[in-house]
Structure formats: structure tokens, C-alpha cells
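There are 2 protein chains.
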Amino acid sequence: MGNRTERLLAIKEIISGNKIASQEELLHLLERRGLNFTQATLSRDLKFLKVNKIADAQKGYIYKLPDSIGEQNRPIANGAYSAQGFLSLQFSNKLGVIKTLPGYASSIASIIDRASPFEIIGSIAGDDTILIIPHDNVTEQDVRNALVLIIPELKEQLT
Amino acid sequence: MGNRTERLLAIKEIISGNKIASQEELLHLLERRGLNFTQATLSRDLKFLKVNKIADAQKGYIYKLPDSIGEQNRPIANGAYSAQGFLSLQFSNKLGVIKTLPGYASSIASIIDRASPFEIIGSIAGDDTILIIPHDNVTEQDVRNALVLIIPELKEQLT
DNA sequence: CCATATATTGAATAATTATTCAATTTGTAT
DNA sequence: ATACAAATTGAATAATTATTCAATATATGG
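Residue numbers (the working numbering), protein chains in the order written: chain R, 1 to 159; chain B, 160 to 318.
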């Protein structure tokens, strides 16, 4: 292994910033970064990352990262899935630590579990603290980026 | 023409209620309704309807109607795109009439314009009234269904 | 360290989807 | 009504994406 992780991160990054209409197109962009592999692998990666294909006025169809739980559920009526109670995110020895208001940890952890970005292997929640266990070879910043999609509140936090 | 509209409505209905993984599958379901045409046409229809293909745990990828403006934007922070001010929807001679709070008509009309479901050709907004001009061969209920996706408030209105 | 199970990947190919081209129908303007 | 333009569609085919199969690499347990 070792290379797959880098590839998956690069795919996420490229897709989030560009309008990609085909796997071949994406394959070329990845080659430019020194990542060489075949379309078969890319097809599998896209499915693994749950990447969607959405209609686009200019390019017909383009790839798009899946909506985070936060985006999907925040606005809907009852607000059952909002990440309310979030306080902070810090890192210690590659592990993430989220602090929440008392009692909120497990609900936020379950949101993270549901989104299950590949950067995060899993999480353990107490009453007001969540331990985030990242995937190997994933940086602190990678984890932060993945979490921002799930917990919009993080965007405003500079820590 | 005459048949295309019926086909497009059937496609929307089937996709919204079932997990469809391929055009061939959809084609068969449409045949059962007495709608006969080819995959080429279906491919064009799906693009026309801006149907997306999203990752699904069970079936790999499935077709999905585009998110409405309402769903997309309601929950995000500032709420700039919510259909606030909506009051009622009625019909008169195939034309829809939306009543809003004073001053809200144009903002709601612009939300409808952006979503631009094919059932609606266009809309004209005054200060507190919006005129909805439906596509030919589209029923009142069709228009209502399309609008529910855009203006969730409609769901609660029995009119 | 060795043996075995699991994962990852490419090449080839199968399956699916989009497009081209021609034909036909529908709409518009005299 | 007639002529011309625009839209709709199917058949064939091109383009794209997913999967199969085999090979290789990686992890796990003794």
C-alpha cells in the first residue's frame, strides 16, 4: 500500500476544485502529479469515495464529491442532524480530539460515523469528548479538511 | 410531440420512487407503462432532466433527480435562498398563482427560475403575486409536484 | 521467517451510456 | 396550403465506465 492513500486524497482534491467530465480526463491530471495507474483502478477509487456524477450546464456531467451529512441535513426542518454542541478540534500524536458541550459527543460522533470519510478509520465518543482515529498516511490537515465538510462549524475555527 | 412530455413525467416519477441503476432497467419499467422508445432517447431525456447518478450502498450507482434549490440552500448559514414569504398556491385556467408576503414575490420567483423544472416554462413576479406558466400537456398536479420540491412550505398546504 | 489469507492492481473485455447521422415529424411564416 | 426551419427520434456506432481474471504485493498468524 502507501500509494493508494495518496491517490485517493489527490482524487478528492482534484474533483473538489475542478469540473471533471471523465475518468480519462482525471487520469491525465493525476499523471501530472506523478500518480500513474489505470482507468480500472480509477473506476474503483471513485466508487470507493462514493463520488457522484451530476448534470452540469457546461460539461454535461461532472464528478462531484458526495454531500456531507452536514450539508444534507442542516437545513431540513427539525435539524436532527446538525452538529450542535461542537466546541473545538485539536490534534495530539496524529489523533484528533473534539471537545463538545456536555452530552453532545455521541451525537456528533454518529454524524462523523455516518459520513465516514476514508481519512477517518473511526471515532470513540465519551460525554463531551470524541477521539478521532485517522487512517495511516493521512495528515492532520487531511483530517481537518474531511471534518470541515461534516462539521461546518469547523470552518470558523482557526486552531 | 405530445408523447415526450408524458415520458419525461414518467421518468421523473419512476426515478424519484425507485432505485434505478441503469438506463436499460428504466427503459423496461417505462415499457410496462406503454411508453416505448429507445435507450438513445432515454439518455437524452436524462440529461434534459439533469438527472444525477449517485453512489448507493446496495446498487453501486443509482439515478437521482437533481436537488431542488430548497434542499440545497435552506440549511446553510445565512439562509439567503429560503422561500420565505410564501403564502399560497392556486390554479386558474391551467395557470398557477402564488401569493406571497408583500415584497417577496420576486425572490421566490427567482428560486423557481433557478430550479427550472421542465414542467414550468416560466414565471412572472409582481410584488406579492407570481404567475406560473406551465408547459403544455402538464397537469396542475404535475406543476404542484414540481413546486413542492422547490418550495417545501407547499407540502403543508392542502389547497 | 514461512505459509496463508487479503488487498491492490493492470490488461482485457464486458457492460453501459452518449453521439452521429439520417429520417421523420412538428412548428412557423408566408 | 406550401415551403422552410427546428425538434424529435431510432439505428448504428463511438465513447466511457465497470468487471473479470490473473498476477503481485501486503498483511497476519504461527
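Note that the Cβ used here is the ideal one computed from N, Cα and C, for glycine as well. Bear in mind the structure is a predicted one, so any value in this text is a computation, not a measurement.
Please classify residue i: does DSSP put it in a helix, a strand, or coil?
{"i": "B/K258", "result": "strand"}
{"i": "R/I121", "result": "strand"}
{"i": "R/E22", "result": "First, the residue type needs correcting, since residue 22 of chain R is Ser and not Glu in the sequence shown. DSSP places R/S22 in coil when its eight states are reduced to three."}
{"i": "B/N195", "result": "coil"}
{"i": "B/S275", "result": "coil"}
{"i": "R/D45", "result": "helix"}
{"i": "B/L224", "result": "coil"}
{"i": "R/K12", "result": "helix"}
{"i": "B/N252", "result": "coil"}
{"i": "R/G60", "result": "strand"}
Against chain B, with Cβ distances strictly below 8 Å, would residue i count as a contact?
{"i": "R/V51", "result": "yes"}
{"i": "R/A40", "result": "no"}
{"i": "R/K47", "result": "yes"}
{"i": "R/A160", "result": "No answer is possible for residue 160 of chain R: it lies beyond the span of chain R, which begins at 1 and ends at 159."}
{"i": "R/I54", "result": "yes"}
{"i": "R/P66", "result": "yes"}
{"i": "R/K12", "result": "no"}
Starting from the C-beta of residue i, find all residues in its chain whose C-beta is less than 6 Å away, skip the five residues before and the five after it, and write them out in chain order.
{"i": "R/N137", "result": "T5"}
{"i": "R/Q141", "result": "none"}
Return the chain-ordered list of same chain residues with a C-beta closer than 7 Å to the C-beta of residue i, the five sequence neighbours on each side being excluded.
{"i": "B/D272", "result": "S282"}
{"i": "B/D286", "result": "P261, G262 and A264"}
{"i": "B/S175", "result": "L224"}
{"i": "R/K12", "result": "L49 and L65"}
{"i": "B/I280", "result": "I292, P293 and H294"}
{"i": "R/S92", "result": "none"}
Are the C-beta atoms of residue i and some chain R residue less than 8 Å apart?
{"i": "B/I283", "result": "no"}
{"i": "B/A239", "result": "Summary for B/A239: the model assigns pLDDT 36, below 50, so the residue's position carries little reliability; its value from the coordinates is reported in the next sentence. Judged by the 8 Å Cβ criterion, B/A239 is not in contact with chain R."}
{"i": "B/G262", "result": "no"}
{"i": "B/G219", "result": "yes"}
Just to confirm before moving on: does the CB-CB distance between residue i and residue j stay below 8 Å?
{"i": "R/K53", "j": "B/N211", "result": "yes"}
{"i": "B/I291", "j": "B/L254", "result": "yes"}
{"i": "R/K47", "j": "B/A214", "result": "yes"}
{"i": "B/P293", "j": "B/V302", "result": "yes"}
{"i": "B/K258", "j": "B/S266", "result": "no"}
Using a Cβ-Cβ cutoff of less than 8 Å, which residues in the same chain neighbour residue i once the five nearest sequence positions on both sides are dropped?
{"i": "B/A169", "result": "L189, R192 and L194"}
{"i": "R/Q23", "result": "Q39, L42, S43 and L46"}
{"i": "R/H28", "result": "none"}
{"i": "B/G219", "result": "A180"}
{"i": "R/K155", "result": "V148"}
{"i": "R/L8", "result": "D45, F48, L49 and F118"}
Let me know the alpha helix (DSSP H) ranges lying completely inside the region 282-318 of chain B, each 4 residues or longer, listed in chain order. 299-309
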